[in-house]
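S.K.: The sequence shown runs 16 to 101 under our numbering.
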Amino acid sequence: MGAGWYYMASGWIRKTRRIGPISEADLLVRIDEGKISPETLLQSSKTKSKWVPMKAIGPAIKRWNKTHPDDVVIKERKPKPEEHRE
16 MGAGWYYMAS GWIRKTRRIG PISEADLLVR IDEGKISPET LLQSSKTKSK WVPMKAIGPA
76 IKRWNKTHPD DVVIKERKPK PEEHRE
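(1) Excluding the five sequence neighbours on either side, which residues of its own chain have a C-beta within less than 8 Å of the C-beta of residue 64, listed in chain order?
(2) Would you identify the three-state DSSP class for residue 101, choosing helix, strand or coil?
(3) Write down the C-beta distance between residue 66 and residue 39 rounded to the nearest angstrom, noting that I regard them as a contact closer than 8 Å.
(4) Do you know how far the Cα of residue 28 is from the Cα of residue 77?
(5) My parser needs the beta strand (DSSP E) runs of 3 or more residues fully inside the stretch 22 to 67; what are they?
(6) Report yes if the C-beta distance between residue 34 and residue 69 is below 9 Å; otherwise report no.
(7) Is it right to say residue 51 is buried, meaning 16 or more other beta carbons lie within 10 angstroms of its own, or is it exposed?
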């Protein structure tokens, strides 16, 4: 649970900037406040240091759906290998 999280935020001077590291608890607070939305890019060791949209991270989108019931988003899922066959 100790992953340091980063997220991309719109800035006033620069178009986007990286914020972090923040704790998972802080990440959840920012999701609750709407500062981090399903389209926000997140990065941590749990994402293998790749930038991914919040809606692709199960626990994060679950929290979003719980705290924003009017804006529920279904988690993106990766296609199963057999779905790629022709």
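Ideal placement from N, C-alpha and C gives every residue a C-beta, glycine not left out.
It should be emphasised that the depicted structure is a prediction, and the values quoted were computed from it without experimental measurement.
M.R.: From the atom records:
(1) 58
(2) Because residue 101 sits at a pLDDT of 49, beneath the cut-off of 50, its placement in the model cannot be relied upon, and the following sentence gives the value as read from the coordinates. Coil at residue 101, not helix or strand.
(3) Actually they are not in contact, since the Cβ atoms of residue 66 and residue 39 sit about 17 Å apart, beyond 8 Å.
(4) 32 Å
(5) 31 to 37, 56 to 58
(6) no
(7) buried
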